[in-house]
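Per this note's numbering, the very first residue in the sequence shown carries number 44; after that it's consecutive. One structure is given below, encoded as structure tokens.
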Amino acid sequence: MRIKNLFFVLLFLFTCNGMSAELIIPDDKADIHFDTKLGIVTFAHQKHAELSITECTTCHHKIQPEDTTVKPCHDCHKHDAKSKEVLKTSKAFHTRCIGCHEYTAAGGQNAGPLKKKCKLCHVKPSAK
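Following this line, the structure appears as structure tokens:
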């Protein structure tokens with residue numbers, strides 16, 4: 044089992060370094076759900092990984108070639124972060140995500156939701 048995991052990690056790192064292999068996102072990480080005060084945010088990880096304008100290091104900005112695992116965002120960006128050097132989760136996501144969407148839209152390309160449309164990302168669960 045460890046050899047299989049190591050294979051996928053190496054393949055991930057290989058593809059993140061701009062090589063020509065196809066990026067593989069684990070099935071359980073293809074869509075990531077964040078439970079927030081404003082509602083559940085679904086991040087289409089696989090879809091974003093397939094965009095020509097992104098690289099792994101766009102979001103995984105601390106990953107190094109020698110790293111064998113990719114840390115979840117929340118390992119560094121804590122909900123209750125007090126550090127001025129490490130942004131808390133909401134600030135980090137809004138800065139990175141909305142910033143990329145605004146940059147992409149400004150370039151005339153189709154982009155995801157923008158800042159003034161919070162409910163496009165933050166979806167309240169429907170009452171049953």
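Think of the CB as a built atom: it goes at the ideal place given N, C-alpha and C, for glycine as much as any other residue.
How would you call ALA64, buried or exposed, if buried means at least 16 neighbouring beta carbons within 10 angstroms?
Below a pLDDT of 50, predicted positions are generally treated as unreliable, and ALA64, at 40, falls in that range; no measurement from the model is reported.
Nonlocal neighbours in the same chain, by C-beta distance under 7 Å from LYS159, ignoring five residues either side
No residues qualify anywhere along the chain.
Validate contact between the stretch 76-85 and the stretch 160-167 using beta carbons, cut 8 Å, 3 pairs:
As far as the Cβ criterion goes, the stretch 76-85 touches the stretch 160-167, which means the pair count is three or higher.
Buried or exposed: which applies to ALA92, given that a residue is buried once 16 or more other Cβ atoms fall within 10 Å of its Cβ?
Result: buried.
In terms of DSSP beta bridges, what is THR101 paired with?
Answer is none; THR101 lacks a bridge partner.
Simplified DSSP assignment, three categories, for THR85
Annotated three-state conformation of THR85 is strand, per DSSP.
Alpha carbon to alpha carbon, what distance is there between ASP110 and GLU145?
If you take the alpha carbons of GLU145 and ASP110, they lie about 30 Å apart.
Residue range of the unbroken alpha helix (DSSP H) whose run includes THR147:
142-149 is the extent of the alpha helix (DSSP H) around THR147.
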